[in-house]
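Trainee: Mind looking over this structure? Questions follow.
There are 2 protein chains.
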Amino acid sequence: MLQFLSMSESELLKVKADLEDRYNQFKAQGLKLNMARGKPATDQLNLSMKMLDTLNSGSDMHSSTGDDCRNYGLPDGLPELRELFAELMGVDDNNIIVGGNSSLNMMFDAVSCAMTHGFAGCEPWGKQGHIKFLCPSPGYDRHFAITEYFGFELIAVPMLATGPDMDVVEKLIHDDASVKGIWCVPKYSNPTGITYSDETVRRFAALKPAAKDFRIFWDNAYCVHDLTDTPDTLLNLWQECRKNNTIDLPIFFASTSKITFPGAGIAAMGASEKNLSVLREHYSFQTIGPDKLNQLRHIYFLKDLDGVMDHMTKHRALLEPKFRTVLGRLESELGGKGVAEWTSPNGGYFVSVDVLNGCAKRVVSLCKEAGVTLTGAGATYPYGKDPNDQNIRVAPTYPPVAELEQAMELFCICVQLAAAEKLLNK
Amino acid sequence: MLQFLSMSESELLKVKADLEDRYNQFKAQGLKLNMARGKPATDQLNLSMKMLDTLNSGSDMHSSTGDDCRNYGLPDGLPELRELFAELMGVDDNNIIVGGNSSLNMMFDAVSCAMTHGFAGCEPWGKQGHIKFLCPSPGYDRHFAITEYFGFELIAVPMLATGPDMDVVEKLIHDDASVKGIWCVPKYSNPTGITYSDETVRRFAALKPAAKDFRIFWDNAYCVHDLTDTPDTLLNLWQECRKNNTIDLPIFFASTSKITFPGAGIAAMGASEKNLSVLREHYSFQTIGPDKLNQLRHIYFLKDLDGVMDHMTKHRALLEPKFRTVLGRLESELGGKGVAEWTSPNGGYFVSVDVLNGCAKRVVSLCKEAGVTLTGAGATYPYGKDPNDQNIRVAPTYPPVAELEQAMELFCICVQLAAAEKLLNK
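Same order as they appear, the protein sequences are chains A and B.
Numbered according to full-length UniProt numbering, the first sequence spans residues 1 to 426.
Numbered according to full-length UniProt numbering, the second sequence spans residues 1 to 426.
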């Protein structure tokens, strides 16, 4: 196998011509495949169908508190579910609010609350003038979008194999009180799939931000979403912060969107008493309380942490072949050619591919023309702008394996084609 | 029956002593009844239990659009439900967003959105300095609380039998660009139970506010909640605004909280294209979309407007005796005595009682001491302060009829006792 970089021009031209042939054959097939979002597939959704039967007209509608879950009340959610999320998130159950169907909504509410009312007795963020938010990149576009919507300056922080570059984080927050927070997906990070190292977590717990109202948004979206026999483990930030007396720094988030149903799951947040007093006040004005029947449904179906872990092995059985397909194709088509690097995650929803500098947009656009929609190039960076035009997020979960084979074959053709074009135009 | 005001002191003392006897007998019973909130009773909740059976593991999970309701997507909600809410609210179905389980949440989101991002291209409300909101009073405490939370000055506007005093409203909004909105429950208003007259609705549609970003928050919470054979009808504000070219003025809200389940119903909002473009952008950052399975459940169960109206006759059958009990007791115990006035609504969830000036707090506190919790005196006014200490909201829906009889007998004793105390201390 020849490295593209060591090819002569004539070799490259020949390779390019072959790739163009293969590409045009794909184009002629008129494919229509979508790998843009981290969406569970239909067979994954089917795993939770029995949940709908657990709550019917003959069911007990009461929480362990004796409250009728059909009526108003219980703003923190059902105690049973607060306990379960406490275990999933590694936070005390008294510090959990169980909400509606979207953890993104709870993150947005937390930012919005800080914008208009502030944390830690500080002025609301919206009244503090120019403010900044740290965005480990590549990262999750919808996180970045929330803070962009609220007018923050987004600061990209490099993602390493151990998590965000903590030297950079520490320096930025130590010197600048206008830095108000950081977005984190600490386990099976979106999109690189890495899990923050113990040292990274310890350094988060030991942060000394200039801003008293600096907050770590710890989105543990993939806390139980293992895909291999060697799952990653994440050090417990809650406990580390207790040790460091920094318990007000983090706000924790998780949901069952990728455990039960993406559109009809349950989300939760966890935080210190001081943070919760601000957030609970916000919710006391914002809502009449969460949908407790869907909470009851989840408890009846999942039962406890063991129930969740059992259920996740079923997801793994469906997802593992898809990740194998993606990684296998990448290896067989691109391995040793020096045109791309990629991660091989132990869990989560994504494979992150770095192509040659300046080629990501071209790859995504070539794929699109041939009928395969990928996450937009740049989406994993603040403002949708990847400075190296290099990173592409591959989302293997939604298409069936057969389609994934096709899509990845095309993807690998496009990666090489874009590389050949680039090298020939130098 | 003697008017309290025309009694001599000795007559009053005798009446007071008799009332105290009756009061103390009540106190000895150790009652524990709650009439504080407009909560549906258990038998009302039971009316919707079959809804839980409509969506089970064998059901079709697809919307009419072909979307799998278990997955992400459809941020405006299911088309079928948008149509239903369009009929309930009198708004075009293209102008409806169907959301989660709380219309209060959608109102809060709309206010929050205007605070941080603004309507009509204006500066965000949060950046405009001192701003004001109109609160027709007596009115709904949780409406007022939202705008208080966001730092508005709350301006009480008198409620008349025809709705808010429109002379006052027109003057306030015409002269003052810092007035940004008004809270309205136009049908079976909370708590007075009146429905805005056609003229009031027409005057709302013809408003010419100084502020370009003034908005009418039109919470049609009781749109189909009739309790008599002579239901009120509300003129359609959406159509009136179309005629007046003022379609950007109102934002409409409704929910099934008091149709299906308070804690697990469906809420919706309606607004002009211009308003929706602002609100849809907000939601596109805020959430991954509403719980579409609960939406599907509602469509399978309620089906259409006829289905809703049929269902509401069942609620009426349960609620009518309760309202009859309350009104009957008020009439038999207080009628002709000159110590209270009350409304006799054709629908909704409340009876509004005005006691003698300066007596409301005393009545609520006497009731509480004897085991009956009422809505706090003053709750129906901005900042919880009734300037005349006169209005009490009675919520007949939650207790069974037998308990309601007891509670109302006690209530009427307390109203008279407070009146006697007041007249004797003059």
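All C-beta atoms, glycine included, are put in the ideal place defined by N, C-alpha and C.
None of the values given here were measured: they were computed from a predicted structure.
For lysine 208 (chain B), which residues from the same chain have a beta carbon less than 7 Å from its beta carbon, with the 5 sequence-adjacent residues on both sides left out?
Mentor: Here residue 208 (chain B) refers to the residue found at position 208 of the second sequence. His174.
Trainee: Are the beta-carbon atoms belonging to glycine 270 (chain B) and valine 91 (chain B) less than 9 Å from one another?
Mentor: One-based indexing of the second sequence puts residue 270 (chain B) at position 270. One-based indexing of the second sequence puts residue 91 (chain B) at position 91. Against a cut-off of 9 Å, the Cβ pair of valine 91 (chain B) and glycine 270 (chain B) comes out as a contact.
Trainee: Does any residue of chain B have a CB that is nearer than 9 Å to the CB of serine 112 (chain A)?
Mentor: The residue given as residue 112 (chain A) occupies position 112 in the first sequence. So, interface residue.
Trainee: For glycine 181 (chain A), report the span of its beta strand (DSSP E) as first-last.
Mentor: Against the first sequence, residue 181 (chain A) aligns to sequence position 181. 179-184 is the extent of the beta strand (DSSP E) around glycine 181 (chain A).
Trainee: Taking the Cβ atom as the reference point for each residue, do alanine 110 (chain A) and leucine 279 (chain A) lie within a distance shorter than 9 Å?
Mentor: Position 110 of the first sequence, counted from the first residue, corresponds to residue 110 (chain A). Position 279 of the first sequence, counted from the first residue, corresponds to residue 279 (chain A). Taking 9 Å as the Cβ cut-off, alanine 110 (chain A) and leucine 279 (chain A) qualify as a contacting pair.
Trainee: When the Cα of cysteine 184 (chain B) is compared with those of B:Gly347, B:Pro136, B:Arg142, which residue comes out closest?
Mentor: Counting from 1 along the second sequence, the entry for residue 184 (chain B) is found at position 184. Residue B:Pro136 is the option with its Cα nearest to cysteine 184 (chain B).
Trainee: For a quick check, are the C-beta atoms of methionine 408 (chain A) and valine 326 (chain A) less than 9 Å apart?
Mentor: Taking the first residue of the first sequence as position 1, residue 408 (chain A) is located at position 408. Taking the first residue of the first sequence as position 1, residue 326 (chain A) is located at position 326. Against a cut-off of 9 Å, the Cβ pair of valine 326 (chain A) and methionine 408 (chain A) comes out as a contact.
Trainee: For aspartate 93 (chain B), which option in B:Asn46, B:Thr116, B:Leu19, B:Phe252 has the closest C-alpha, if you only look at C-alpha atoms?
Mentor: By 1-based counting over the second sequence, the position of residue 93 (chain B) is 93. Nearest C-alpha to aspartate 93 (chain B): B:Phe252.
Trainee: Starting from glycine 348 (chain A), find everything on chain B with Cβ-Cβ shorter than 9 Å and list it in chain order.
Mentor: As a position in the first sequence, residue 348 (chain A) is number 348, starting the count at 1. Ordered by position in chain B, no residue passes the 9 Å Cβ test against glycine 348 (chain A), which lies about 17 Å from the chain.
Trainee: For proline 79 (chain B) and glutamate 405 (chain A), what's the separation of their Cα atoms in angstroms?
Mentor: What you label residue 79 (chain B) is simply residue 79 of the second sequence in a count that begins at 1. What you label residue 405 (chain A) is simply residue 405 of the first sequence in a count that begins at 1. Straight-line Cα distance between these residues: approximately 35 Å.
Trainee: How would you call serine 284 (chain A), buried or exposed, if buried means at least 16 neighbouring beta carbons within 10 angstroms?
Mentor: Translated into positions along the first sequence, residue 284 (chain A) becomes position 284. So serine 284 (chain A) ends up on the exposed side.
Trainee: For methionine 408 (chain B), which residues in chain A fall below 9 Å Cβ to Cβ?
Mentor: On the second sequence, position 408 is the one that residue 408 (chain B) refers to. Result: empty, since nearest Cβ-Cβ is about 22 Å, beyond 9 Å.
Trainee: Determine which residues share a DSSP beta bridge with aspartate 354 (chain B) and list them.
Mentor: Residue numbering aside, residue 354 (chain B) sits at position 354 when the second sequence is read from its first letter. Aspartate 354 (chain B) is bridged to B:Glu341, B:Asn391.
Trainee: Spell out whether any CB of chain A is found under 9 Å from the CB atom of serine 257 (chain B).
Mentor: In the second sequence, counting from the first residue as 1, residue 257 (chain B) sits at position 257. Yes, serine 257 (chain B) counts as interfacial toward chain A.
Trainee: Which of the three DSSP states is assigned to glycine 270 (chain B) in this structure?
Mentor: The count along the second sequence starts at 1 and reaches residue 270 (chain B) at position 270. Looking at glycine 270 (chain B) - three-state DSSP - the assignment turns out to be strand.
Trainee: Roughly how many angstroms separate the alpha carbons of isoleucine 288 (chain A) and lysine 314 (chain A), rounded to a whole number?
Mentor: Indexing the first sequence from 1 puts residue 288 (chain A) at position 288. Indexing the first sequence from 1 puts residue 314 (chain A) at position 314. Taking the straight line from one Cα to the other gives about 35 Å.
Trainee: For chain A, check one thing: does any of its Cβ atoms lie closer than 9 Å to the Cβ of cysteine 223 (chain B)?
Mentor: Position 223 of the second sequence, counted from the start, is the residue given in the question as residue 223 (chain B). Output row for cysteine 223 (chain B): interface = no.
Trainee: When you compare the CB positions of aspartate 213 (chain A) and glycine 151 (chain A), do they come within less than 9 Å of one another, or not?
Mentor: Here residue 213 (chain A) refers to the residue found at position 213 of the first sequence. Here residue 151 (chain A) refers to the residue found at position 151 of the first sequence. No, these two residues do not count as a Cβ contact at 9 Å.
Trainee: Looking at the C-beta of alanine 264 (chain A), does it have a partner C-beta in chain B at a distance below 9 Å?
Mentor: As a first step, residue 264 (chain A) is located in the first sequence; it is residue number 264 there, counting from the start. Yes, contact with chain B.
Trainee: Can you list the residues of chain B that proline 40 (chain A) reaches, using a CB-CB cut of under 8 Å?
Mentor: To locate residue 40 (chain A), count along the first sequence from 1; it is residue 40. The answer, in chain order, is Asn71.
Trainee: Exposed or buried, glutamine 390 (chain B), counting other C-beta atoms within 10 Å across all chains shown (16 or more means buried)?
Mentor: The residue given as residue 390 (chain B) occupies position 390 in the second sequence. So glutamine 390 (chain B) ends up on the buried side.
Trainee: By the three-class DSSP mapping on this structure, what secondary structure does lysine 132 (chain A) have?
Mentor: Against the first sequence, residue 132 (chain A) aligns to sequence position 132. Strand.
Trainee: Of the residues that make up the region 110-141 of chain B, which ones have a beta carbon closer than 7 Å to any beta carbon in chain A?
Mentor: For the region 110-141 of chain B, which is checked against every Cβ of chain A, the residues closer than 7 Å are Ser112, Met115, Thr116, Gly126.
Trainee: Considering only the beta carbon of each residue, do cysteine 359 (chain B) and tyrosine 23 (chain B) sit closer than 9 Å?
Mentor: Walking along the second sequence from the start, residue 359 (chain B) turns up at place 359. Walking along the second sequence from the start, residue 23 (chain B) turns up at place 23. Contact flag unset, no.
Trainee: Out of B:Leu31, B:Ser344, B:Ile182, B:Ala28, state which residue places its alpha-carbon closest to the alpha-carbon of isoleucine 194 (chain B).
Mentor: To locate residue 194 (chain B), count along the second sequence from 1; it is residue 194. Looking at the Cα atoms, B:Ser344 is the closest of the given residues.
Trainee: Need the endpoints of the alpha helix (DSSP H) that threonine 313 (chain B) sits in, please.
Mentor: Numbered from 1 along the second sequence, position 313 holds the residue referred to as residue 313 (chain B). Counting along the chain, the alpha helix (DSSP H) containing threonine 313 (chain B) begins and ends at 305-329.
Trainee: For arginine 37 (chain A) and chain B, any beta-carbon pair shorter than 9 Å?
Mentor: The residue given as residue 37 (chain A) occupies position 37 in the first sequence. For arginine 37 (chain A), the answer is yes, since a Cβ of chain B falls inside 9 Å of its Cβ.
Trainee: Does phenylalanine 253 (chain B) come out as helix, strand or coil in the three-state DSSP assignment?
Mentor: Here residue 253 (chain B) refers to the residue found at position 253 of the second sequence. Of the three classes helix, strand and coil, the one that applies to phenylalanine 253 (chain B) here is strand, per DSSP.
Trainee: Verify the CB distance criterion: does phenylalanine 150 (chain A) have a CB-CB separation below 9 Å to chain B?
Mentor: Position 150 of the first sequence holds residue 150 (chain A). Output row for phenylalanine 150 (chain A): interface = yes.
Trainee: Rounded to whole angstroms, what's the CA-CA distance from residue 431 (chain A) to cysteine 122 (chain B)? Just pull it up for me.
Mentor: Residue 431 (chain A) is absent from the structure shown; chain A starts at 1 and stops at 426.
Trainee: Can you give, in chain order, each stretch of the beta strand (DSSP E) that sits fully within the region 76-163 of chain B and has at least 3 residues?
Mentor: 96-98, 132-137, 153-160, all fully within the region 76-163 of chain B.
Trainee: What is the C-beta distance between lysine 187 (chain B) and leucine 234 (chain B), in whole angstroms, given that I count them as a contact (C-beta under 8 Å)?
Mentor: One-based indexing of the second sequence puts residue 187 (chain B) at position 187. One-based indexing of the second sequence puts residue 234 (chain B) at position 234. Yes, lysine 187 (chain B) and leucine 234 (chain B) are in contact; Cβ-Cβ is about 5 Å, under 8 Å.
Trainee: Counting along the chain, where does the beta strand (DSSP E) carrying valine 372 (chain A) start and finish?
Mentor: Locating residue 372 (chain A) in the first sequence gives position 372, counting from the first residue. Per DSSP, valine 372 (chain A) belongs to the beta strand (DSSP E) from 372-374.
Trainee: Could you list the residues in the region 284-308 of chain B with a C-beta less than 7 Å from some C-beta on chain A, going in chain order?
Mentor: Those residues of the region 284-308 of chain B that come within reach of chain A (Cβ to Cβ, closer than 7 Å) are Phe285, Gln286, Thr287, Ile288, Gly289, Asp291, Lys292, Leu293, Asn294.
Trainee: Leaving aside the five residues before and after leucine 302 (chain B) along the sequence, list all residues of the same chain whose C-beta is less than 6 Å from its C-beta, in chain order.
Mentor: For the purposes of this step, residue 302 (chain B) is taken as residue 302 along the second sequence, with counting starting at 1. Counting only Cβ-Cβ distances below 6 Å, and skipping sequence neighbours, we find Val308.
Trainee: Residues of chain B with CB under 7 Å from glycine 376 (chain A), in chain order?
Mentor: Counted from its first residue, the first sequence places residue 376 (chain A) at position 376. Residues of chain B passing the Cβ test: none, with the nearest at roughly 15 Å.
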